[in-house]
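Numbering (UniProt numbering), first residue to last: 1 to 257. For each residue, glycine too, the CB sits at the ideal point set by N, CA and C. First comes the structure, then the notes that go with it.
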């Protein structure tokens, strides 16, 4: 089975959780050949560290067990592997299927019956609304990755970086209301720029653009708080917070999305 993993870190019930969603099944939801209406969930346990994640020596064993389950269950007809969540001493696996009897028979043979649960989910709500990352979760995960990249490139996060945030709006009035709110909010910035006319942002769309420039150190949680703040503020005015970039990114790294 094709697999294309989107992995990100978030919190579930105040516990650190590592989500891995299989993007390869995304387009199959609208396919007549993949009208799978049942989602099956079960758990595989592991020895956890103080954060509820696998201890170092547990990683290989856990993912061998996940691969064993994936290989055997994905061989069933009308069955797709949606993804898994690793958190609080358990890896929870999610599959969509139409043949729950055959699925449970194979699962019993594997011995993975902890937390077994079967739900009707014809609209794939668990996949789209729970397993896939939200735009904010994607930006938070991208922020962690870019900070790691800067450190690997030998940058000291205590230095001051020129950071640029980008926003898109379809309507100019929403853009101007956003700018007014940003100027009145408790956010310091060097410059706030915007376009008077729509500009091309891809091959199909013409949108208004705004950019906020700041000077920040990146050795604390401020950048994460700003990402969350700008995500909600842009949404409030029917815009899109594209993400941020800084003056020390690798060439061709591009915008954080």
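- Cβ contact annotation for residue 208 (same chain, cutoff 6 Å, sequence separation greater than five): 169, 172, 175, 195, 198, in chain order.
- DSSP, reduced to helix, strand and coil, places residue 110 within a helical segment of the structure shown.
- Linking residue 236 to residue 38 through their CA atoms gives a straight-line distance of about 35 Å.
- Under the three-state reduction of DSSP, residue 74 is assigned to helix.
- As DSSP reads the structure, residue 87 sits in a beta bridge with 17, 90.
- With a cut-off of 8 Å on Cβ pairs, the region 220-237 is not in contact with the region 110-126, counting fewer than three such pairs.
- For residue 152, the enclosing alpha helix (DSSP H) has its first and last residue at 135-152.
- If only complete runs of 4 or more residues are kept, the region 161-246 shows the alpha helix (DSSP H) at 172-184, 222-236, in order along the chain.
- By the 16-neighbour rule on beta-carbons within 10 angstroms, residue 21 is buried.
- Beta-bridge analysis with DSSP links residue 5 to 22.
- Taking the Cα positions, residue 129 is about 29 Å away from residue 182.
- Residue 60 sits in a helix when the DSSP states are folded into three classes.
- Judged by their CB atoms, residue 127 and residue 25 are nearer to each other than the 9 Å cut-off.
- The three-state secondary structure of residue 11, taken from DSSP, is strand.
- Residue environment for residue 140: buried (at least 16 other C-beta atoms within 10 angstroms of its C-beta).
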